[in-house]
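Structure record follows, encoded as structure tokens.
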Amino acid sequence: MADDAELAFLRSQEQEYDPSVAWPAADDQAPAHDDEEEYDPANMDTAQDPAQSEQAASMPGSAANSPPSADNQGENGAKPVFAETSAASTSAKQPRTIGGFVDESEDEEEELVAAPKMAAPALLRASEAAETPQRSITNTPNNTLPTPDVQLHSAQDQGASSVSASVAVNEPAPSIASVPVNGTTPVPDVTKPADLLTVDPARQATASVTPAPLSASLPKARLPQDTIGILNDRVQEDPRGDIEAWLSLISEQRKRHKYDEARDVFDRFLEQFPTAGEVWVDYINFETELDELSRVEQLFGKAVQNGAYVPVFQSYIDFVRRRFNLTNDASGKSRETIVMAYEFVLDQVGIDTDAGKLWIDYIELQKSAPGTLGGTNWQDMQKMDTLRKLYQRAVSIPTGATLEIWRDYDRFEMGLNKVTGRKNLQEKSPSYMTARSAINVLDNNITRGINKTTLPRLPPAPGFDGYDDYMNQVKLWKQWIQWEKSDPLECAIDDRALYNKRVLHIYKSALRSLRFWPELWYEAAEWSYENGLQTDGDKFLDDGVKANPESCLLAFRKGNQVELSTDFEEGQAGLVAKGNAVKKPYMDLLDTLYDLTAKTKKREEHSVARAREAFDAQKAADDAARAIAQGNAEDADEDDDAEVTRRAQEKEAAFNAQVHAISAGYNAQTLTLKKTLTFAWIALMQATRRVQGKGGNNSEVPGFRGIFTEARRKGKLLSEAYVASAQIEHHCYQDPAAGKIFERGMKLFPEDEQFALEYIKHLIKLNDSTNARAVFETIVGKLTAKPENIPRTKPLFLFFHEYEAHFGELAQITKMEQRMATLFPEDPQLQRFSRRFASSTFDPTTVRPIISPRTQMKPVMPIMQSIMPSIEEAMPNAPPQVQVQEQRIASPAPNVNSPHLAQLPMATNSPKRPLEDADDSAQPRKLARGESPLKGAAGRRLDAARRNMAASGSTPVGLPQGPAPLPREINFLLGIIPPAHTYRETRFKPEGLVSILRSISTIPIPTLPGHAQASLPQRWGTTATTAQQLQSIQEKYGNPGTQPPHGAWPQ
């Protein structure tokens, strides 16, 4: 079988295109035509086809995405070991050591070291011993770097708090001899025996989290007094994040007078943070104190090119004025040099809001120039013109000294000639007022809360300390940028160059503080390109990629910009050159991500090793203390052995939980990095296809197939890369190789439901329903075998149910729904049935047609506030006692003497609001009245329309007629009447009372003699007005033909 496999492989090299073969091919092979070749990704040997079994941890909820090693088809190929077997066996076995080295297996994630044939059986035996698939060492820069020495306490700060989902891997860095050169086949390390060649350990193909190997060695701890060594370790471990270590190391070297070492730290820091203006100033002052003026000149040459930071340019001016003394400047060359320096500085940072001092110093310098203000010779007039131009430039720029400069300018003009001065001041007044208002807005609104530090920090992760503050700074800087883009100085039309300069300056100022925020670099580059500033846009992208080499956003934008360029010659040579240029930013990104993945693994190993070290130390201390206590007969308490065992088990369980949390946390980071790597490879494949096309076997133009081959060789790919490659083959070239890539992916990711779903969709597009059903049943059978994986099958069932409902038989649809009801009992049966006929935008089963418009489409009357609200509400079950609060009941008259009012509760249903205590003497409030009638012709037309509608018996739709308003007094009376449930005395029937009142022939009207009416004060019920009201009531409701008898009331 081995001979047959080898013969088949050799034939494929001669006739077929194999994307797994590294580029370039051997020179002696004749190139095949692209039209005749067959792209088969399954034809590859062990050394050329790295499997992706490390994807177990990368797929959420399951490691079933991890491929088995069934694809090892080379010589001495091992049989595949499935995920279930690997999960059970690996967790029970410890790593195997050979000659002091850990001999672990690794499934097909990385390139196998091309060792002599005698090494292959050793690797095979190692794989069989571990019962896990093989994986090889990645030929990437992340394995070529030595493990950094990390001091103990700083390493302990790294990771016990992090939580991760796969197993950490002990990745020994190969020696230089084993590193491939220029993408060629890796050369075995002849300095080691063949049996000492190790590969990366296999990932557990299980859903559970397995801790990293506990045998990882920690770097040697430093002594506490070795401050410089500790700081160097911190800097080496975290060069971009630990700025405090950088500054402390510089300070420590300076305190010990190790000036050369301090310079080295300064240079390394400024190489990492070239826009750190504060450190540039410190470095310049450091050299200035040592009187190293030549070094200072060199530093200024570097500093002024790396950021428009005002203090740096202020130091530059101070240095120039120190070197060129004006005291003995008889020739005037020193003054000329200083003036040139000021002009250069103001051209760079003169528009900065903090540049006010520079303008004032420059004005003072020009005032000290030869000549007399107000003089009449040429030198005096020249000085006056120079100062006037300088003043007019300065007052038009919003700085902190704008007001001071304007006042000085006013004195200057008025001191020369008041008439001319007023004219000049009036001409520049609009520019000054614009600048003054702009600086006021900046100081009071825009820049408040902004941190203008030039020492950038990495953005904290969401939810962690400092994240909100960092995002607030991003928000404030963006507000400032948007304000500057709004052209507050109104110069965008008249002076476009000044407008562009101001916007670029604010972008650079913001990027000094937010150096590690890629979105801001992208926005600056985009704005530059949109405004025709090609050079500035390219510089923003280059600097942004240098500051954030792991940013996909900037790398993709850089690659896109290179792809848009037309600076390449025609022909195949131009395609190759352009392809390499486009590939470079992507490969730089990928190398950084691979390196970061390796560092994450090592941090995980160190964290687990530190946790083990602390646990062992604590356990040893407990054992020693227990032994001492038991050895002392007098103090021995004869501890219960069961209690001691229980405590030991609890501590062991706590340690295992800690290790589990550490692995879970770091594997969450690893998963993110793998996804990022995968999509970076996909982006590179797409860009290469646009530039070079498909590519061919033995062709100088590799095309996207060559990129896919290289991606598989480097490893750490997820299933999305295979899906993207297959879709490019199908949609762009209608090549049957798409099916082969999907088949290959199914072997590598046998339990990846998303990949299987894409494969099924591809087969459905090809109208291959038989294989689609087979793939569906295969993946569903594997996933449903484990109850915890059943929810992952739901997208598959939903898609295939939709397909069966549209194109299948009824029996298949019913069977499918029965399976879904068994697996997903929480879903209602109606939903499953209606999904047969629904689309993404319409469900006909939920439609309710209109049968009777009169019944089903009655308009909803709007709830309108009536002119007179209801006075009483039915409150049959109201509480018998309502708490009485201090309040006053509004009434028409302030003096109402009723024996019952004092005991009544608050009238909650009164149509009026209660009055304030301060309004005791005020009149009762007016009620809301109805709509005021319109006047004039409009009012007459409206009134006529209402009368016509009333005559016809129709009512306007939406305007119901409310009840007629009650008189004010009756409304008040009804408002103070308490609810019925509060009345506990004898109740009368209202109907009977009304009947009695109607049957009474006369109602005596109380009257008084004339002398009594004149002497007695008027009371309620005895006034003439009341008598008239009673008489009116009698005439309306009583017997109008009967007159009241005389003498009914006492005279």
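In full-length UniProt numbering, the protein residues as written are 1 to 1051. The C-beta atom is built at its ideal place from N, Cα and C for all residues, glycine as well.
Given residue i, which residues of its chain have a CB within under 7 Å of its CB, disregarding the five upstream and five downstream residues?
{"i": "Phe-540", "result": "Trp-521, Ala-524, Ala-525, Ser-528"}
{"i": "Ser-315", "result": "Val-281, Ile-284"}
{"i": "Arg-557", "result": "Tyr-522, Ala-525, Leu-541"}
{"i": "Thr-814", "result": "none"}
{"i": "Ala-573", "result": "none"}
Closer than 7 Å, CB to CB, is residue i near chain D or not?
{"i": "Phe-266", "result": "In the structure shown, chain D cannot be found, because there is only a single protein chain."}
How close, in whole Å, do the beta carbons of residue i and residue j come, if the pair is a contact with beta carbons under 8 Å?
{"i": "Leu-390", "j": "Pro-456", "result": "Not a contact, Cβ separation roughly 35 Å."}
{"i": "Leu-593", "j": "Thr-676", "result": "6 Å"}
{"i": "Gly-579", "j": "Gln-692", "result": "5 Å"}
{"i": "Cys-732", "j": "Arg-689", "result": "7 Å"}
{"i": "Val-545", "j": "Trp-517", "result": "Their Cβ separation, rounded to whole angstroms, is 14 Å, which puts Val-545 and Trp-517 out of contact at 8 Å."}
Just how far apart, CA to CA, sit residue i and residue j?
{"i": "Ser-1032", "j": "Pro-859", "result": "45 Å"}
{"i": "Leu-373", "j": "Lys-383", "result": "7 Å"}
{"i": "Glu-427", "j": "Arg-512", "result": "37 Å"}
{"i": "Val-419", "j": "Leu-425", "result": "10 Å"}
{"i": "Ala-577", "j": "Pro-549", "result": "23 Å"}
{"i": "Glu-729", "j": "Ala-581", "result": "24 Å"}
{"i": "Lys-674", "j": "Phe-704", "result": "20 Å"}
{"i": "Ile-977", "j": "Glu-969", "result": "13 Å"}
{"i": "Ile-1000", "j": "Phe-988", "result": "17 Å"}
{"i": "Leu-997", "j": "Pro-963", "result": "26 Å"}
{"i": "Asp-318", "j": "Ser-368", "result": "17 Å"}
{"i": "Ala-657", "j": "Leu-671", "result": "21 Å"}
{"i": "Met-340", "j": "Asp-595", "result": "48 Å"}
{"i": "Arg-256", "j": "Ala-221", "result": "23 Å"}
{"i": "Asn-472", "j": "Gly-466", "result": "10 Å"}
{"i": "Gly-781", "j": "Leu-763", "result": "19 Å"}
{"i": "Glu-991", "j": "Ala-980", "result": "16 Å"}
{"i": "Phe-568", "j": "Val-562", "result": "10 Å"}
{"i": "Ile-493", "j": "His-505", "result": "18 Å"}
{"i": "Gln-887", "j": "Tyr-983", "result": "Confidence at Gln-887 is low in this model, with a pLDDT of 40, below 50, so the placement of that residue should be treated as unreliable; the coordinate-derived value is given next. Near 21 Å, if we compare the C-alpha coordinates of Tyr-983 and Gln-887."}
{"i": "Gln-412", "j": "Tyr-342", "result": "Before going on, a small fix: residue 412 reads as Phe here, not Gln. Going from the Cα of Phe-412 to the Cα of Tyr-342 covers about 21 Å."}
{"i": "Glu-297", "j": "Lys-423", "result": "45 Å"}
{"i": "Leu-993", "j": "Ala-944", "result": "43 Å"}
Residues in the same chain with beta-carbon distance under 8 Å from residue i, minus the five sequence neighbours each way, listed in chain order, please.
{"i": "Ile-363", "result": "Leu-387, Leu-390, Tyr-391, Ala-394, Ile-405, Asp-408"}
{"i": "Thr-645", "result": "none"}
{"i": "Phe-313", "result": "Val-304, Val-345, Gln-348, Val-349, Leu-358"}
{"i": "Glu-252", "result": "Thr-227, Ile-228, Leu-231"}
{"i": "Ile-760", "result": "Ala-772, Val-775, Phe-776, Leu-796, Phe-799, Phe-800"}
{"i": "Leu-299", "result": "Trp-280, Tyr-283, Ile-284, Glu-287"}
{"i": "residue 1068", "result": "Outside the modelled stretch of the chain, which goes from 1 to 1051, sits residue 1068, for which no answer is possible."}
{"i": "Phe-807", "result": "Ser-769"}
Go through its chain and collect everything with a Cβ distance to residue i's Cβ below 6 Å, but skip five positions before and after it.
{"i": "Ala-823", "result": "The sequence given here has Leu at residue 823, not Ala. Here the set comprises Ile-790."}
{"i": "Asn-723", "result": "It is worth fixing the name first, because residue 723 is Val in this sequence and not Asn. Excluding sequence neighbours, Val-723 sits near Glu-758."}
{"i": "Ile-450", "result": "Leu-476"}
{"i": "Asp-352", "result": "Val-310"}
| request: Would you be able to state if there are at least three C-beta pairs under 8 Å between the region 430 to 448 and the region 494 to 513? | output: Touching, no.
| message | I want to know whether the region 348 to 357 touches the region 375 to 385 - three or more CB-CB distances under 8 Å. | response | When Cβ pairs closer than 8 Å are counted between the two stretches, the region 348 to 357 is seen not to touch the region 375 to 385, the count staying below three.
| task | Count the CB pairs spanning the region 683 to 694 and the region 643 to 658 that are closer than 8 Å, and state whether there are at least three. | result | These segments do not touch.
| field | Three-pair Cβ contact test at 8 Å for the region 265 to 274 versus the region 238 to 249 | value | Proximity of the region 265 to 274 to the region 238 to 249 meets the contact definition, three or more beta-carbon pairs being nearer than 8 Å.
| request: Mind the definition here: the region 429 to 441 touches the region 396 to 404 only if three or more C-beta pairs lie below 8 Å; say whether that holds. | output: Output reads yes: the region 396 to 404 touches the region 429 to 441.
| At least 3 beta-carbon pairs within less than 8 Å: the region 272 to 280 vs the region 453 to 472 | Yes, since at least three Cβ pairs between the region 272 to 280 and the region 453 to 472 fall closer than 8 Å, the two stretches touch.
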